[in-house]
Amino acid sequence: MPSLLAAVVLWLSCLLHATLAATRSYNLTLHRGIRAPDGFDREVYLINNQQPGPLIEANQGDVLEVTVHNALDVANTIHWHGLLQRGTPHMDGVPGVTQYPIPPGGNFTYRMSLDDQYGFYWYHSHLNAYYDDAVRGPLLIHPSPSLLRPFESLARNDAERDALLQAEKAATPVLLTDWYHNVSDVVLRQYETTGAFPSCVDSLLANGQGRV
Ligand SMILES: *[C@@H]1O[C@H](CO)[C@@H](O)[C@H](O)[C@H]1NC(C)=O
Ligand SMILES: *[C@@H]1O[C@H](CO)[C@@H](O)[C@H](O)[C@H]1NC(C)=O
Ligand SMILES: *[C@@H]1O[C@H](CO)[C@@H](O)[C@H](O)[C@H]1NC(C)=O
Ligand SMILES: [Cu+2]
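The sequence shown runs -21 to -1, 1 to 191 under mature numbering (1 follows the signal peptide of the UniProt record, and there is no 0).
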């Protein structure tokens, strides 16, 4: 009898999980362009016409489904930095280890459960050094409303607590990028020849903007 009860509870909790977990779908297209994020024109890699790529948002417990269309003339993959990929190691985006690279013109759909993970993460290219070309973007997983926050002990009154909760909901990502005036393939070749990365970057970009 206890095992039957346990089975029913397990079944109910699976059912509950299945009904609460939503699937968040995104399309990301990787392509080239010319931009001057710090006032210097160079060839750039864009995701949906922007760099860094768009914010991907989901809730704790959701299933994330991202179709990557590779419109570049080089192969690529996208890695979901920090996501544990329990049960879905083939969605980790590491070329030659967990998947074949997505060829030029190819598509690949990443599908993973976010389980109990939440907070700010980021996604990035995992081929050559393309993530240095800002093939990267922010990923925000909102924590479940039922999770205990530290806000009660920080706020002096209800208004302050609500303001903290609101700030958490509307959190703004800040992505920093070391920016070179040369594409990463050139920088990587310099590294392979000399064994050292160039000691200085040309700019620092914050959300794709640098000082002109
Ligand atoms: C992604 O692209 C496909 C095919 O072009 C389209 O059917 C689908 O609605 C798109 N999904 C999102 C979330 O934009
Ligand atoms: C990949 O997706 C793009 C954009 O949704 C579509 O135009 C193209 O036909 C797809 N390519 C393949 C090989 O399925
Ligand atoms: C890019 O790299 C090439 C080859 O190393 C070099 O000649 C050129 O000056 C570099 N361009 C910039 C803008 O740094
Ligand atoms: Cu990473």
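Idealized CB from N, CA, C, for every residue including glycine.
Pairwise C-alpha distance: TYR102 and VAL73: 12 angstroms
Segment contact flag, the region 32 to 41 with the region 61 to 72, C-beta cutoff 8 angstroms, min 3 pairs: no
Buried versus exposed, by CB contacts within 10 Å (16 or more), TYR5: Buried.
Sequence-distant residues of its chain with Cβ nearer than 6 angstroms to PRO25 (five each side left out): Residue identity differs from the one stated: residue 25 is Leu in this sequence, not Pro. Closer than 6 angstroms at the Cβ level, and outside the excluded window around LEU25, lie HIS10, GLY12.
Three-state secondary structure assigned by DSSP to THR77: coil
DSSP-derived helix/strand/coil call for ALA108: coil
Nearest residue (CA-CA) to LEU93, options LEU118, ALA185, ASN186: LEU118
Within 8 angstroms, strictly: CB atoms of ASN86 and HIS48: yes
ARG3 (DSSP reduced to helix, strand or coil): strand
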